[in-house]
Every structure is written in C-alpha cells, then in structure tokens.
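Taken in sequence, the protein lines are chains U and P.
Following our numbering from start to finish, the first sequence increments by one per residue and tops out at 183.
Following our numbering from start to finish, the second sequence increments by one per residue and tops out at 1183.
Ideal placement from N, C-alpha and C gives every residue a C-beta, glycine not left out.
Read the structure below first, then the notes.
Protein chains: 2
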Amino acid sequence: MALEHAILVSLLEQPGSGYELARRFERSIGRFWTATHQQIYRVLKRMEADGWVVGRDVGQDGRPDKRSYEVSAAGRETLTEWLREPVQPEAVRHDLAVKIRGAAFDDAAGRARLVDEVRRYRAGHEETLARYLAGERRDFPAGGDLDTGQRLQHVVLRGGIAYERMLLDWLDDVLETLLKGLP
Amino acid sequence: MALEHAILVSLLEQPGSGYELARRFERSIGRFWTATHQQIYRVLKRMEADGWVVGRDVGQDGRPDKRSYEVSAAGRETLTEWLREPVQPEAVRHDLAVKIRGAAFDDAAGRARLVDEVRRYRAGHEETLARYLAGERRDFPAGGDLDTGQRLQHVVLRGGIAYERMLLDWLDDVLETLLKGLP
DNA sequence: CCTTGATATGCAACGAGTTGCATAGCAGGA
DNA sequence: TCCTGCTATGCAACTCGTTGCATATCAAGG
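Dropping the structure here:
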C-alpha cells in the first residue's frame, strides 16, 4: 500500500538507485518498513511510469552502471496528499507471541527448545539496540544543531530504541515465565 | 505463512467456527496476528483438506448453522514441528513512522494536520491499553492460581500492555517534536 | 410489516509480497 | 587463473492478503 510513500520519503531525504534504496531499507527505513530489492525495483518502475520519480542512468567507474532516481514535483504532491490521510492501523504479525501461547501444547522438551530460541532472539535484538544507540551517537550528538528533518529522523529513531528496550524487558519476563514451567 | 499456526493455537485453546475465530482474531489473537474472515475461512478449508483440523456442522437454534473445528492429532504434530523451528524476524510496516519522516517535506499546515492525526491515533491506543488492562484484571486476578497455558497467555498479554505503554510515551515525544517545528 | 443488525459462510478479482533464478562487471585473494 | 563476493538490475511464478460483493437466518424495534 505505502511502499511507494516510504520510497518517496527515502528519495527526498537522499536520491539514489534501486540498489541503494534496498540497502537503506535493510538498515534505516527497514526499522519500520521492510521491502526486498525486487519489490523496490518493480515499484520504482511503476512510479517512474506514473511520473512520481525521474530516473537517469549514471555511469560509474569500476562498477556496473546504475539508474538513480529523484522525486518529481508530482511525486512530492502525491506524498503530501498521503500525509494528510488518516494513519492506517498497522498489521501486526508476531511469530514469537504465537509460539509462546503454542508452547502450552508442547511438552517440557519443546518448551526448553523455545527457551533457547527466545535467548537467541533476544541476543539479536540486543545487537539491534546497540546498533541504534551507536547510530544515535553518530548522527545526533548531544548539543548538535538539528534542522526539522533531522529532528524528525531522531524522534523516529528514539521510537526504535524505545521499542527494543521494551522488547528486551519483555523477553526477560517471557524467559522467567517459561522457566517456571520447567522445574 | 503462519496463519495456520495461529489458528491451530487458537483452536487448541478453544475449538470453534470460522466466524468465532475471526472474532477472536479481532480481539485476543489479533494483538499479534491480524486476519480477515475470508482468509480464515479459506485457510480452514485447506487445513481440513490436509487433515490438520476436523470440522463438523453444528445446528443452532435461533441462528444459522455453523461449522465448528477442532485440531486433529496430525495438526498438533504440525504445530509442535513449527514450534521447534527458528523464530522468523517479524515484518514491520509502520505507517506513522513513514509519515513522521515525511513531514519534513510538508509545510507547517501539513505538520499541523499530522499533529491532529497523531493525537487521534494516540487516543485509540489509550483505549487499547485500557482494554488490555481490563482484560488482565478480569482474566488474571492477583493471587489467582494459573496453569501453564494461562501463565503463557498472561505473559503475552503483558507484552501487549508493555507495547502500548511504550507507544504512548513515544507518541508524547513525537507530539513534542512536531510542535517544536510550529512556533 | 419492514428495516436494521448480528450471526454465519462464501466467491471472485485484484494487488502486495516472496522465492528462485538469471545476468553482468569488476575486485581481491588463493 | 579461477573462485568468491560485491555491486546492480531484472523476470517469472507463486502465495498471501485485501476488497467488494453476495447470501441466508433470525431477533428486535419502530
């Protein structure tokens, strides 16, 4: 639905090619909007056909050519229209929560396996939090002067940090609860 | 991907019809796995064909007949196999975060509109939190005796509560940040 | 009596998203 | 020299998910 809009925002922040967008989605934007490179290439084509973005081929030395895109006036208008629409409730798909409730119907060995999985999962999110915090120190040093765009990027990053902290606390709670069932 | 598994868990907790499942997905399970009734009916058919669930028609007085399902031994086995697989990283799609970063490319009037939207959105999540807390008081009173299944349901609910609280705090941060840009 | 609304199920069409594969240039190391 | 890996783009096939619509029963209210 709104992959187009996520791409528009990303290209307004910084023009780039499909490949570069895919990289950004893996890193920054992917915090709140995931997409694979195939999806991005396909949508970029459609967006170019609709006149939302303008692409041009850029030759590079030592690398294959790339096609770099920037947002057109029409694309910008499309974005601001979308910004004024109501926020859609997000579609939640949380694998782990289903598994935790499902663990009630598995045996002790199965729950022990799940404990290991939760620990692995927790370690991954600890890394994510560390990465966010490092990014925050790098891009938003205390006392630095920020423009509107940077302040907005920062508040979104703070959201990611708050989410990860909340998640880590909850995972501790989950581990404790699971372990109570395995004396 | 795992709608099947979410349905299996829900049916193990309590057998029921497609309609009832859709209701539960709106309420309880929908906290971490959304699905529409069409999807549920379609998947239930496939699951019955695969022998994961057994359906039987139940006549009701004063209401149309329904087809009630319960999980078969094969379905239970399928679920425990899935429980032992690694947890997939969840696909995040967070509309609002895209809009917040997009607000940098809108004018003051547009950002003012977004502030209203964020307030509306925040009010919705305040209601959600209140509903979770009421559910917690109802289903998990302090000092009550809980079996494994109930303890697991409770820890998942606590996750929902923690998420909503984190979100409300973050939305306050967002509002403050947006308002700084509108003197 | 007629409308509205809840229960209960479903089809058809479309759009979104994933998976697997293919291509091609060039860098760097074994 | 060959293999691996990164940059860079893309097709084809498939599954998943959403939207709009349709149907039928019955209760309650005006």
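{"query": "is_contact[V135 (chain U), chain P] using C-beta, thresh 8 Å", "result": "What sits at residue 135 (chain U) in the sequence shown is Gly, not Val. Answer no: the Cβ-Cβ gap between G135 (chain U) and chain P never drops below 8 Å."}
{"query": "Residue interval of the beta strand (DSSP E) (run including R56 (chain U))", "result": "53-58"}
{"query": "Pairwise C-alpha distance: L1152 (chain P) and F1140 (chain P)", "result": "11 Å"}
{"query": "Between the CA atoms of D57 (chain U) and R76 (chain U) - distance to the nearest angstrom", "result": "22 Å"}
{"query": "Identity of the residue in U:T128, U:E127, U:V98, U:E126 nearest L114 (chain U) by Cα", "result": "U:V98"}
{"query": "The region 72-92 of chain U in contact with the region 173-182 of chain U per 3-pair CB rule at 8 Å", "result": "no"}
{"query": "Bounding residues of the alpha helix (DSSP H) (the contiguous stretch that carries R1137 (chain P))", "result": "1108-1139"}
{"query": "Proximity test, Cβ basis, 8 Å: I1040 (chain P) and chain U", "result": "no"}
{"query": "Rounded distance between the beta-carbons of E136 (chain U) and I161 (chain U), thought under 8 Å", "result": "7 Å"}
{"query": "Chain U within 8 Å of P1086 (chain P), Cβ atoms only", "result": "yes"}
{"query": "Contact list for the region 123-157 of chain U against chain P, Cβ threshold 7 Å", "result": "T148, G149, R151, L152, Q153, V155, V156"}
{"query": "Contact list for the region 1080-1109 of chain P against chain U, Cβ threshold 7 Å", "result": "T1080, L1083, R1084, P1086, V1087, Q1088, E1090, A1091, V1092, R1093, H1094, D1095, L1096, A1097, V1098, K1099, I1100, R1101, G1102, A1103, A1104, F1105, D1106"}
{"query": "Contacts that A1162 (chain P) makes with chain U (C-beta to C-beta distance below 9 Å)", "result": "M166, L167, D169, W170, D173"}
{"query": "Delimiting residues of the beta strand (DSSP E) encompassing S68 (chain U)", "result": "66-71"}
{"query": "Three-pair Cβ contact test at 8 Å for the region 1086-1098 of chain P versus the region 21-37 of chain U", "result": "yes"}
{"query": "Length of the line joining the Cα atoms of E1126 (chain P) and R158 (chain U)", "result": "20 Å"}
{"query": "Interface residues of chain U facing S1005 (chain P) [CB-CB closer than 9 Å]", "result": "The sequence shown places His at residue 1005 (chain P), rather than the Ser named in the question. Within chain U, the residues near H1005 (chain P) are D95, V98, K99, G102."}
{"query": "Start and end residues, alpha helix (DSSP H) containing P1044 (chain P)", "result": "Looking at the sequence provided, one finds Leu at residue 1044 (chain P) rather than Pro. First-last of the alpha helix (DSSP H) with L1044 (chain P): 1037-1049."}
{"query": "Cβ distance (whole Å) where Y1069 (chain P) is taken to contact V1054 (chain P) below 8 Å", "result": "7 Å"}
{"query": "Cβ-based burial, R111 (chain U) [other Cβ within 10 Å; buried from 16]", "result": "buried"}
{"query": "Any C-beta of chain U under 8 Å from that of Y1069 (chain P)", "result": "no"}
{"query": "For S1017 (chain P): DSSP bridge partner residues", "result": "P:S1068"}
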